[in-house]
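Student: All residue numbers for the sequence shown refer to my numbering, where the first residue is -10 and numbers rise by one.
Positions of the beta carbon are idealized from the N, C-alpha and C atoms, including for glycine.
Note that the coordinates shown come from a computational prediction; the quantities given were computed from them, not determined experimentally.
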Amino acid sequence: MSTKRKMIMVVNHVLQQDEDRLDTEFWLKKTPSERLAEVSRLRRLYFSTAEKPFPEKIEKVVFRRKLR
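#1: Going straight from the alpha carbon of LYS(-5) to that of HIS2, what length do you get?
#2: Specify, as a first and last residue, the run of the alpha helix (DSSP H) that ARG(-6) falls within.
#3: Can you tell me whether VAL50 is helix, strand or coil according to DSSP?
#4: Quick one: give me the first and last residue of the alpha helix (DSSP H) that GLU45 is part of.
#5: Going straight from the alpha carbon of ARG24 to that of TRP16, what length do you get?
#6: Return the Cβ separation of THR13 and LEU56 in integer angstroms, given the expectation that the two are a contact with Cβ distance under 8 Å.
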């Protein structure tokens, strides 16, 4: 006796401003060292998948925006 499983599609509509707020809240709960570690991890991942050499130095560019 064979039973076929059925799957249904579930879609959650999220407004962009709600998503931004949730992202901001998430990262503000992290310590500065955790945030920096994640940025470093993402940089390594980008350069390894883009098959580009990892730069020895990075340019310090900071854009600040007011959080809502």
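Tutor: Answer, in terms of the structure:
#1: In a straight line, the C-alpha of LYS(-5) is about 23 Å away from that of HIS2.
#2: Unbroken run through ARG(-6): none, as it is neither H nor E.
#3: When secondary structure is reduced to three states using DSSP, VAL50 falls in the coil class, being assigned neither helix nor strand.
#4: Per DSSP, GLU45 belongs to no alpha helix (DSSP H) and is neither H nor E.
#5: 7 Å
#6: 6 Å
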